[in-house]
Amino acid sequence: MSKLTNDVNKNLDLFIEESTATKLVWGLKNDEGWLSCDSAEFENSEVMPFWSAKENAEIHNVEEWSDFDVVEIPLDIFVEDWLITLDEDGILLGINWNENLEGKEIEPVELAKKYL
16 MSKLTNDVNK NLDLFIEEST ATKLVWGLKN DEGWLSCDSA EFENSEVMPF
66 WSAKENAEIH NVEEWSDFDV VEIPLDIFVE DWLITLDEDG ILLGINWNEN
116 LEGKEIEPVE LAKKYL
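Residues in the sequence shown are numbered consecutively from 16, following our numbering.
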């Protein structure tokens, strides 16, 4: 059962806690690349969702996203490589989206600070 709630800030805290413990982050990827979509909060912005638990990513691996695979990313690579590249590309992160696609949208540099 998912630990995610409707409180996006608690889900962000859970992301940091779980990913630090497991040393993994999860995303959705298909032959065309990693899942990204338009931001619900910021106009003209793109968001790439990530989860701290595989089962939470799998919840979204349905309907229009059913052609994606749930893929793990080692935390050190995520923090040291991905967050830098995504920040340079101006892509926001969607953190631990719940079943209603609600989650904190955060700049990569801000997420990186939470691991310090």
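Glycine residues also receive a C-beta, built at the ideal position from the N, C-alpha and C atoms.
Predicted model, so just to flag it, every value in this text is computed and none were measured.
Contact set for residue i: own chain, Cβ-Cβ below 8 Å, skip 5 residues either direction
i    : result
L126 : L98, L108 and I110
Buried versus exposed, by CB contacts within 10 Å (16 or more), residue i
i   : result
I92 : exposed
A68 : buried
F83 : buried
S81 : exposed
Min CB distance residue i to chain C below 8 Å
i    : result
V124 : Protein chain content of the structure displayed is limited to a single chain, and chain C is not contained in it.
Enclosing beta strand (DSSP E) for residue i [first to last residue]
i   : result
L29 : From DSSP, L29 is part of no beta strand (DSSP E) but of the alpha helix (DSSP H) over V23 to T37.
E87 : D84 to P89
Residue(s) in a DSSP beta bridge with residue i
i   : result
E78 : Looking at the DSSP assignment, E78 forms no beta bridge with any residue, so it has no partner.
Residue i - containing alpha helix (DSSP H), residue span
i    : result
K129 : P123 to K129
I99  : L98 to E103
Contacts around residue i, its chain only, beta-carbon distance under 6 Å, and the 5 residues preceding and following it disregarded
i    : result
L27  : I110 and K119
L50  : L43 and F83
D102 : P123 and V124
Three-way DSSP call (helix, strand, coil) for residue i in this model
i    : result
E47  : coil
E95  : helix
E70  : helix
W41  : strand
K119 : strand
F65  : strand
I110 : strand
Own chain, CB closer than 7 Å to residue i, minus 5 neighbours either side, in chain order
i    : result
K129 : I31
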